[in-house]
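Undergrad: Have a look at this one before I ask anything.
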Amino acid sequence: MFDPVQWLKQSKILGLPTETVYGLAGRADCPDAVALIYQLKNRPSHNPLIVHYAGIQEALADGVFKAQGRRVAEALWPGPLTVLVPKSSTSKVTARAHCNLPCLAMRVPCHPVAQDILRQAGPLAAPSANPSGRLSPTCADHVKKGFQDQVPVVEGGACEVGLESTILDMRQLPFRILRPGFFTLEFLQKKFPDIPFEEGGAEVETPGASLAHYAPHKPLSLNVQPPFPKDMGILGFGALSMPWPETQFVQLSWKQDILEAARNLFAGLHYLDASPHCQRIGVVSLPAYSVGKAIQDRLGKAASPPAETVSEGDLGN
Ligand code: TXA
Ligand code: MG
Numbered sequence: 011m012f013d014p015v016q017w018l019k020q021s022k023i024l025g026l027p028t029e030t031v032y033g034l035a036g037r038a039d040c041p042d043a044v045a046l047i048y049q050l051k052n053r054p055s056h057n058p059l060i061v062h063y064a065g066i067q068e069a070l071a072d073g074v075f076k077a078q079g080r081r082v083a084e085a086l087w088p089g090p091l092t093v094l095v096p097k098s099s100t101s102k103v104t105a106r107a108h109c110n111l112p113c114l115a116m117r118v119p120c121h122p123v124a125q126d127i128l129r130q131a132g133p134l135a136a137p138s139a140n141p142s143g144r145l146s147p148t149c150a151d152h153v154k155k156g157f158q159d160q161v162p163v164v165e166g167g168a169c170e171v172g173l174e175s176t177i178l179d180m181r182q183l184p185f186r187i188l189r190p191g192f193f194t195l196e197f198l199q200k201k202f203p204d205i206p207f208e209e210g211g212a213e214v215e216t217p218g219a220s221l222a223h224y225a226p227h228k229p230l231s232l233n234v235q236p237p238f239p240k241d242m243g244i245l246g247f248g249a250l251s252m253p254w255p256e257t258q259f260v261q262l263s264w265k266q267d268i269l270e271a272a273r274n275l276f277a278g279l280h281y282l283d284a285s286p287h288c289q290r291i292g293v294v295s296l297p298a299y300s301v302g303k304a305i306q307d308r309l310g311k312a313a314s315p316p317a318e319t320v321s322e323g324d325l326g327n
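Take a look at the structure:
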């Protein structure tokens with residue numbers, strides 16, 4: 011039987027479930043495993059990888075945390091938060107994983123399968139388990155299809171959050187959200203009223219943020235309204251004002267629950283992208299509150315530039 015822990019210890023890589031999206035994981039202290047990740051994803055060599063830890067103490071030991079940063083990490087880990095901090099001098103993470111940058115992006119996922127594997131074989135470097143520039147995977151099948159079964163995938167069910175982690179730059183105050191996710195600016199401000207937070211600046215701080223991302227193969231239009239073109243597959247949010255063929259429709263959330271919509275977003279895009287019943291994809295207008303901001307961020311990147319113009323040189327995460 012396939013043993014993911016032994017596999018990782020042999021410097022090999024695998025698909026790993028997390029609560030956000032599936033990761034393509036290899037040992038963070040092993041240059042060969044990290045090289046395999048870049049190769050299989052066709053990821054630009056200047057785009058660093060997030061390092062995943064089994065526990066908070068191990069993560070804290072690998073980075074240099076401000077007192078406020080430590081508080082945030084201790085309150086929100088394990089969970090869908092990645093923090094950017096200077097790498098500690100004792101860290102064994104290979105420089106290849108973070109592209110020789112002085113800082114590490116680190117996270118402690120709360121998915122029980124990830125936790126179990128990390129406890130035995132961690133820390134693990136893991137970008138999202140999609141070919142660079144393509145849609146992130148939220149189930150094992152997405153990973154298998156994305157890499158044409160070239161890599162084993164540990165089954166962990168559908169991801170509960172469904173969007174990549176919030177990335178928080180904690181190197182200096184105010185702490186800055188570089189990638190929106192489940193933990194929003196409003197949430198952080200409310201939970202830690204004495205710590206200053208802000209948004210933005212991702213293009214400079216995280217190399218991956220400026221690259222083309224998350225693109226389906228089919229063209230994607232946002233905020234579509236009826237009447238829809240006949241060849242369009244629709245991602246809906248609540249009841250549509252006109253009937254639409256079931257084969258061309260995915261409901262993100264009947265009850266217009268934004269967390270449920272986030273959970274279903276990538277699976278819906280994957281489904282319509284592969285469907286023979288539509289040639290393009292439209293998403294109805296979605297609210298921007300809560301995790302809605304992160305949804306808008308991912309959809310904006312998926313729709314622009316159009317999928318056809320994504321070239322190999324500017325592929326993202
Ligand atoms: O939820 C997630 O974060 C998922 C799961 C698998 O953990 N991972 C993920 O990784 O989304 P990826 O590689 O698709 O996106 C990571 C982003 C990239 O934009 C990358 O440039 C940035 O984090 N990043 C990673 N390490 C960094 C570092 N040392 N300095 C600056 N940016 C970094
Ligand atoms: Mg990614």
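The sequence shown begins at 11 in the working numbering and counts up by one.
In this text, a Cβ means the ideal position worked out from N, Cα and C, and glycines have one as well.
From a predicted model like this one, the values you see are computed outputs, not experimental measurements.
For D179, tell me which candidate among G79, L173, C40 and K265 has the shortest Cα-Cα distance.
TA: Of the candidates G79, L173, C40 and K265, the one whose C-alpha sits nearest the C-alpha of D179 is G79.
Undergrad: In whole angstroms, give me the CA-to-CA distance for L26 and A135.
TA: For L26 and A135, the distance between alpha carbons rounds to 11 Å.
Undergrad: Indicate the three-state DSSP secondary structure (helix, strand or coil) for A150 in the structure shown.
TA: Helix, per DSSP.
Undergrad: For A115, collect the residues of the same chain with a Cβ closer than 6 Å to its Cβ; drop the 5 residues on either side in sequence, then sort them by chain order.
TA: Around A115: I60, T92 and L94.
Undergrad: Residues in the same chain with beta-carbon distance under 6 Å from S321, minus the five sequence neighbours each way, listed in chain order, please.
TA: Model confidence at S321 stands at a pLDDT of 46, short of 50, so the residue's coordinates are unreliable and nothing is read from them.
Undergrad: Considering only their Cβ atoms, is the gap separating G172 from T194 smaller than 8 Å?
TA: No, the Cβ-Cβ distance between T194 and G172 is not below 8 Å.
Undergrad: What is the rounded straight-line gap between the Cα of Q125 and the Cα of L70?
TA: Going by the C-alpha atoms only, they are around 16 Å apart.
Undergrad: I'd like the list of long-range same chain contacts for Q258, defined as Cβ closer than 6 Å, with 5 residues on each side in sequence excluded.
TA: G243, H287 and C288.
Undergrad: Could you have a look at D307 and say whether DSSP puts it in helix, strand or coil?
TA: Looking at D307 - three-state DSSP - the assignment turns out to be helix.
Undergrad: For D330, which residues in the same chain have their Cβ closer than 6 Å to its Cβ, ignoring the five residues on either side in sequence?
TA: Because the chain in this structure spans residues 11 to 327, residue 330 falls outside the shown range and cannot be described.
Undergrad: In chain order, what residues of the same chain lie with their CB nearer than 8 Å to the CB of V164, ignoring the 5 residues before and after it?
TA: Around V164: P14, L24, G25, L26, P27, V123, I127 and A150.
Undergrad: Anything with a beta carbon under 5 Å from a heavy atom of ligand 2 counts; list them all in chain order.
TA: Result: S138 and N327.
Undergrad: If you run the structure through DSSP and keep just helix, strand and coil, what is E322?
TA: Because E322 carries a pLDDT of 41, less than 50, the predicted location of this residue cannot be relied on, and no value is offered for it.
Undergrad: Tell me the DSSP bridge mates of T194?
TA: Beta-bridge pairing links T194 to no other residue.
Undergrad: Select from P297, P255, V260 and W254 the residue whose C-alpha is nearest the C-alpha of L269.
TA: For L269, the nearest C-alpha among the options comes from P297.
Undergrad: Is it the case that the Cβ atoms of C169 and V31 are separated by a distance below 8 Å?
TA: Contact flag set, yes.
Undergrad: Look at the alpha carbon of A64 and the alpha carbon of R129, and state the distance between them as a whole number of angstroms.
TA: Cα to Cα, A64 sits roughly 5 Å from R129.
Undergrad: Applying the criterion that 16 or more other CB atoms from any shown protein chain within 10 Å of the CB defines a buried residue, is I295 buried or exposed?
TA: Sequence check: residue 295 is Ser here, not Ile. Under this definition S295 is an exposed residue.
Undergrad: Can you tell me where the beta strand (DSSP E) holding G8 begins and where it ends?
TA: Outside the modelled stretch of the chain, which goes from 11 to 327, sits residue 8, for which no answer is possible.
Undergrad: According to the Cβ coordinates, are L5 and L282 closer than 8 Å?
TA: With the chain represented from 11 up to 327, any question about residue 5 goes unanswered, as that position is not in the structure.
Undergrad: Work out the CA separation of F238 and H108 for me, nearest whole Å.
TA: The straight-line gap from Cα to Cα measures roughly 44 Å.
Undergrad: Going straight from the alpha carbon of A312 to that of G36, what length do you get?
TA: Approximately 27 Å, taken between the alpha carbons.
Undergrad: Buried or exposed for E256, going by 16 or more other Cβ atoms inside 10 Å?
TA: Per the 10 Å Cβ criterion, exposed.
Undergrad: Identify the continuous alpha helix (DSSP H) that holds L111 and give its terminal residues.
TA: Unbroken run through L111: none, as it is neither H nor E.
Undergrad: What is the rounded straight-line gap between the Cα of A249 and the Cα of G278?
TA: Cα to Cα, the separation comes out at about 16 Å.
Undergrad: Within the stretch 270-305, note down every full beta strand (DSSP E) run reaching 3 residues or more, in order along the chain.
TA: Here the runs fully enclosed are 290-293.
Undergrad: Is any heavy atom of ligand 1 found at a distance shorter than 7 Å from the C-beta of P58?
TA: P58 Cβ: within cutoff of ligand 1.
Undergrad: Quick one, are the C-beta atoms of P58 and N327 less than 8 Å apart?
TA: In this structure, N327 does not lie closer than 8 Å to P58 by Cβ.
Undergrad: Check for me: the beta strand (DSSP E) holding E68 runs from which residue to which?
TA: It is not in any beta strand (DSSP E) - E68 instead sits in the alpha helix (DSSP H) that spans I66 to D72.
Undergrad: Examine ligand 1 and report whether any of its heavy atoms sits within less than 7 Å of the Cβ of C113.
TA: It does: the Cβ of C113 is within 7 Å (strictly closer) of some heavy atom of ligand 1.
Undergrad: Where do the ends of the beta strand (DSSP E) carrying P14 lie?
TA: Per DSSP, P14 belongs to no beta strand (DSSP E); it is in the alpha helix (DSSP H), P14 to K19.
Undergrad: Confirm the yes/no value for this check: CB of T148, any heavy atom of ligand 1, distance under 7 Å.
TA: No.
Undergrad: What do you reckon, is the C-beta of P133 under 7 Å from a heavy atom of ligand 1?
TA: P133 Cβ: outside cutoff for every heavy atom of ligand 1.
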